[in-house]
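So that you can map any letter, position 79 of the sequence shown is 81 in my numbering, and since no number is skipped, the others follow by simple counting. Where a beta carbon is used, it is the ideal one built from N, C-alpha and C, also for glycine.
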Amino acid sequence: MVSVKEIISFCAVAFFIGTAKAAGGNSTTDVSCEDKLYDSFCEYKQLVLTQEREKCLEARDILNEAVSDCVAKDPVKRMVQSVHYVRLFAPNCPNIELPSDGCGQLPTCLQMLFDRSGQRIRCCYKRAADRCFKNAMNGCSYAAGVRDLFINQALPTVCKYNRVFDYRKTVIPFSCSASQY
3 MVSVKEIISF
13 CAVAFFIGTA
23 KAAGGNSTTD
33 VSCEDKLYDS
43 FCEYKQLVLT
53 QEREKCLEAR
63 DILNEAVSDC
73 VAKDPVKRMV
83 QSVHYVRLFA
93 PNCPNIELPS
103 DGCGQLPTCL
113 QMLFDRSGQR
123 IRCCYKRAAD
133 RCFKNAMNGC
143 SYAAGVRDLF
153 INQALPTVCK
163 YNRVFDYRKT
173 VIPFSCSASQ
183 Y
């Protein structure tokens with residue numbers, strides 16, 4: 003019998019890798035994970051900003067639901083969205099690991115690749131981030147999938163000739179009105 007903790011951990015990793023690695027028809031749905039992440043951001047943000055443990059866990063569940071049953075169509079956008087989610091979560095929910103218990107090193111690895119704005123990808127840190135993801139693989143079974151999505155799929159598309167890459171597309175809502183919650 004599968005425990006609730008195992009089910010939650012399995013769903014949590016979907017935050018980083020989704021149910022399909024790319025939009026190559028490997029999923030039964032055409033809903034993009036990136037669209038679902040965009041749509042769930044305001045509710046997630048409201049819960050995280052309470053800084054209450056139960057609300058933070060609820061936010062983590064909302065995030066995991068947002069990336070369930072979807073296709074990762076744009077790995078670069080997915081990576082940029084991920085860093086925004088992580089940077090909101092980390093200071094407000096410091097004692098809860100994201101995306102799941104036992105995988106607390108993954109956000110650190112991801113954040114190495116970005117400047118403070120979360121929009122500038124620092125390609126020159128690819129090797130350091132890759133080592134970080136490889137180290138995380140020792141304690142987190144999901145790290146290999148995360149590493150593949152970010153290091154092997156997202157970064158090669160934007161880091162071919164650049165030391166940094168400015169991602170200019172909107173990945174999360176600029177503001178969240180009360181009616182969006």
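Counting only runs that start and end within the segment 115-180, where is the alpha helix (DSSP H) found for 4 or more residues in a row? Taking only runs of at least 4 residues, the alpha helix (DSSP H) segments lying wholly in the segment 115-180 are 128-138, 145-149, 157-160.
Consult DSSP for S42 and reduce its assignment to one of helix, strand or coil. Your numbering for residue 42 matches position 40 in the sequence shown. Correct three-state label for S42: helix.
* To do: Name the two residues that bound the continuous alpha helix (DSSP H) containing L100.
  => Working through the sequence shown from its first residue, we reach residue 100 at position 98. Premise fails: L100 is in no alpha helix (DSSP H) and is neither H nor E.
Going by CA-CA distance only, name the one from D132, G106, T52, K136 that's closest to M114.
In the sequence shown, the residue the question calls residue 114 occupies position 112. For M114, the nearest C-alpha among the options comes from D132.
Three-state secondary structure (DSSP) of V73:
Counting from one through the sequence shown, the residue named residue 73 turns up at place 71. Strand at V73.
- Evaluate contact between the segment 31-48 and the segment 67-78, counting only Cβ atoms and requiring at least three cross-stretch pairs below 8 Å. They touch, by the three-pair rule.
Exercise. Would you mind reading off the limits of the alpha helix (DSSP H) that contains C58?
Key: Here residue 58 corresponds to residue number 56 of the sequence shown, with the count starting at 1. Its alpha helix (DSSP H) spans residues 55-68.
- Leaving out five residues on either side along the sequence, give the residues of the same chain with a beta carbon under 6 Å from the beta carbon of F43. To locate residue 43, count along the sequence shown from 1; it is residue 41. Within the same chain, F43 has close Cβ partners I174, P175.
Between G120 and R89, is the Cβ-Cβ spacing less than 8 Å? The sequence position of residue 120 within the sequence shown is 118, counting from 1. The sequence position of residue 89 within the sequence shown is 87, counting from 1. With respect to the 8 Å criterion, G120 and R89 are classified as neighbours on the basis of their beta carbons.
Q: Identify every residue that forms a DSSP beta bridge with S84.
A: As a position in the sequence shown, residue 84 is number 82, starting the count at 1. Paired residues: none, contrary to the question.
- prompt: Roughly how many angstroms separate the alpha carbons of S102 and Y163, rounded to a whole number?
  reply: Stepping through the sequence shown from its first residue, residue 102 is reached at position 100. Stepping through the sequence shown from its first residue, residue 163 is reached at position 161. Just so you know, the alpha carbons of S102 and Y163 end up roughly 34 Å apart.
So which of D63, L39, V85 has the shortest CA-CA distance to P109? Along the sequence shown, one-based indexing puts residue 109 at 107. Check the Cα spacing between P109 and each of D63, L39, V85: the tightest is with V85.
Review point. For Y46 versus L59, is the C-beta distance shorter than 8 Å?
Key: Walking along the sequence shown from the start, residue 46 turns up at place 44. Walking along the sequence shown from the start, residue 59 turns up at place 57. Y46 is not a Cβ neighbour of L59, given a cutoff of 8 Å.
### Message
On a Cα-Cα basis, can you pick out the residue from N154, M81, I98, V78 that is closest to E56?
### Response
Here residue 56 is taken as the residue at index 54 of the sequence shown, counted from 1. Of the candidates N154, M81, I98, V78, the one whose C-alpha sits nearest the C-alpha of E56 is I98.
> Got a sec, what are the start and stop residues for the alpha helix (DSSP H) C111 sits in?
Replying inline: For this step, residue 111 is matched to residue 109 along the sequence shown. Element bounds for C111: 107-113.
Worksheet item: Using CA coordinates, which residue listed in D150, A145, A130, V82 is at the minimum distance from G106?
Response: Along the sequence shown, one-based indexing puts residue 106 at 104. It is A145.
Using the Cβ count rule (16 or more neighbours within 10 Å means buried), how would you classify D76? The residue you call residue 76 lines up with position 74 of the sequence shown. Residue burial annotation: D76 is buried, with at least 16 other C-beta atoms found within 10 angstroms of its C-beta.
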